[in-house]
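Following the numbering used here, the numbering of the sequence shown begins with 3 at its first residue and continues without gaps.
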Amino acid sequence: MAKFSRFRIAWVTLLLFAFSFGFFLLVAATNTTPVDTSVNAEKGQENSTFSKHKNSAENEKCLQCHGQSKYSYFNKESKRKIIKKMYAELIMNRSVFYESNHREFKCIDCHSEEYLGFPHAGNLRMESQPNCLDCHGEDEKYAKYHFENIEKEFQSSVHSEKHSDDFTCWMCHNAHTYLITARTSENIKQTISYDNAICMNCHSDFSKYQLLTNRQTPNLIKKHDWLPNQKLHFQAVRCIECHTKKINDSTLVGHNILPKKEAVKRCEECHSTNSVLMASLYRYKIKEIRSTQGFFQGILVNDSSVIGANRNFFLNIVSVIIASIVIIGLFIHALFRVIKK
Ligand code: HEC
Ligand code: HEC
Ligand code: HEC
Ligand code: HEC
Ligand code: HEC
Ligand code: HEC
Ligand code: HEC
């Protein structure tokens, strides 16, 4: 009797192993769906022709001059066609414009109609530009962006405090190129390079920087030389990760650029279990994966391993080895029981 029950336990154990192994294979096969990063790569081809945009014909009236490096016009006095070089900073890229958030706009929705005439009247230089909140403020359709909260954060940023009205939202959100990225991109590297380019566009461009201040443009490489492997860090994290602090949870992208003394310098803020990156850079990604694949899957497949959250490589290996030894031991034990009978 005692022998029989021991024999049965061994069989049951063996069967349990077989079942769990089968189950493991099944889970492994269904769960390894990689996060698709190719979606955004195709965007480039989509707009090879611009004519499908309803205002493209109207916009060509401006882009015939502002769309390339040369422009021409008919001079009424000399009755001659004049060809001239366009100022580099006034040249617009059609394909980038027709991919941007405001691609469905006419140029003269934001600019005065008087620009249709050339030479442009001198007083147009004083033209005032609409503000983001003029159009987006208190609009249900854009509620998820929380423009009002962004505006508040922006007002408390070093840029606003030092330069008040000269520093507008347009300085970072180029009117003709801005495209929401962090919210829609599934490729973190792409988001990082897009967002960092926004800052570097000015911080590494002497002429743009000097429009705002007489200060020397600080050398950012030198200013960050305390950071080991700086190049890697600048590709792996966004400037705003260290230079903003979340005030409220509603906004996806922090806008309160802090004074430099308050920037993140402690390595543990990122290289730890409760890394600040979880609340910002990885936040949306984790949320998204969670909603489609369930919570645990979300935690497991996100790229959080890069910041070592919760994962000690050595401990992981040791625990896997110990677990394996135990399982193999049990398996052999059960096997011998069955064979012996
Ligand atoms: C015939 C060529 C031509 C056409 C057409 C033209 N522009 Fe211009 N635009 C220029 C040139 C050249 C300048 C720079 C010199 C100047 O301001 O006159 C300029 C300057 C500008 C500026 C910058 C002014 C500043 O602050 O320095 C804006 C904005 C502008 N154009 C918008 C438009 C818009 C909008 C349209 C279409 C409705 C348009 N332009 C059509 C040639 C043109
Ligand atoms: C959503 C509003 C908007 C639309 C649409 C728009 N612009 Fe602009 N544009 C602006 C703003 C705002 C500025 C000033 C940017 C600044 O002050 O930093 C500007 C600046 C310019 C300038 C001056 C150079 C520069 O980049 O600062 C030119 C030239 C220009 N726009 C041409 C155009 C043309 C041509 C079109 C259509 C193809 C167009 N814009 C569509 C808002 C717009
Ligand atoms: C003249 C009005 C106007 C101004 C000024 C304006 N926007 Fe927009 N914006 C719009 C409209 C209208 C759309 C929707 C375009 C569409 O659906 O094709 C839009 C689209 C967007 C989107 C994409 C929304 C979505 O869910 O697809 C973002 C983000 C955005 N704008 C941000 C800004 C920011 C930031 C500024 C200031 C730097 C700004 N806008 C200035 C009118 C404006
Ligand atoms: C110092 C630079 C800077 C300034 C100034 C700035 N922004 Fe931004 N903003 C960013 C960056 C970087 C992002 C992230 C872009 C991305 O990846 O989509 C962003 C994203 C946004 C988004 C999209 C957030 C989302 O939920 O997807 C909105 C809306 C926005 N900004 C509005 C504004 C408004 C309104 C102002 C002015 C009150 C402003 N921004 C000023 C840098 C700036
Ligand atoms: C890992 C965190 C971190 C990242 C990432 C980072 N910074 Fe910094 N940054 C700092 C700290 C800390 C300081 C203050 C250094 C000091 O005062 O010794 C600083 C200083 C600065 C300063 C002030 C320089 C001066 O002395 O006037 C600027 C401007 C700046 N950073 C811009 C950027 C930009 C733009 C990026 C993105 C390309 C970036 N930072 C990325 C942490 C960071
Ligand atoms: C249009 C130009 C422009 C853009 C875009 C811009 N900045 Fe700046 N930033 C400045 C200028 C100018 C100063 C110097 C302010 C002063 O001291 O007068 C500055 C100062 C700073 C400082 C130093 C603050 C201090 O305490 O001295 C930091 C940090 C900073 N910027 C971070 C950023 C980040 C992060 C971004 C992108 C999200 C960004 N900036 C985008 C122009 C810009
Ligand atoms: C804003 C967040 C942040 C801060 C602050 C930060 N790091 Fe990093 N660090 C990262 C990320 C993200 C990576 C990218 C890892 C990857 O892509 O493999 C990284 C990579 C590294 C690497 C390279 C690891 C490798 O695989 O080669 C080293 C070393 C490192 N960090 C050390 C530091 C030290 C030391 C500090 C403090 C002086 C620091 N980090 C501060 C986020 C941060």
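We put the beta carbon where it would ideally sit given N, CA and C, even for glycine.
Residue i CB to nearest heavy atom of ligand 2 below 8 Å
i: H205; result: no
Residue i, DSSP secondary structure in three states
i: I2; result: As displayed, the chain neither begins before 3 nor continues past 343, which places residue 2 out of reach and without an answer.
i: F297; result: Note that F297 scores a pLDDT of 38, beneath 50, so its modelled location is shaky; the value from the coordinates is reported in the next line. Looking at F297 - three-state DSSP - the assignment turns out to be helix.
i: I190; result: helix
i: I334; result: helix
i: I84; result: strand
i: K72; result: strand
i: I344; result: Since the first residue shown for the chain is 3 and the last is 343, residue 344 is missing from the structure and cannot be characterised.
i: N221; result: coil
i: I110; result: helix
i: I182; result: coil
i: N203; result: helix
i: V14; result: helix
i: N198; result: helix
Heavy atom of ligand 1 within 8 Å of residue i beta-carbon
i: L92; result: yes
i: H178; result: no
i: R127; result: yes
i: K210; result: no
Proximity test, residue i beta-carbon vs ligand 3 heavy atom, cut-off 8 Å
i: C67; result: no
i: D111; result: yes
Cβ-heavy atom distance, residue i to ligand 4, below 8 Å
i: V360; result: Lying before the first or after the last residue shown, residue 360 is absent from the chain, which here runs from 3 to 343.
i: R240; result: yes
Ligand 7 heavy atom lying under 8 Å from the CB of residue i
i: E271; result: yes
i: E264; result: no
i: K225; result: no
i: W172; result: no
Classification of residue i by the beta-carbon crowding that lies within 10 angstroms, buried from 16 upward
i: I259; result: buried
i: F21; result: exposed
i: C137; result: exposed
i: Y73; result: buried
i: I11; result: exposed
i: V14; result: exposed
i: K45; result: In this prediction, K45 has a pLDDT of 34, which is less than 50 and means its spatial position is unreliable; what the coordinates show is noted afterwards. By the 10 Å Cβ count, K45 comes out exposed.
Rounded Cβ spacing between residue i and residue j (contact assumed at less than 8 Å)
i: I152; j: D197; result: Wrong, their Cβ atoms sit about 14 Å apart, outside the cutoff.
i: T246; j: H257; result: 7 Å
i: A184; j: L254; result: 6 Å
i: I194; j: V266; result: Actually they do not touch by this definition, with Cβ atoms about 16 Å apart.
Any non-hydrogen atom of ligand 6 closer than 8 Å to residue i Cβ
i: V160; result: yes
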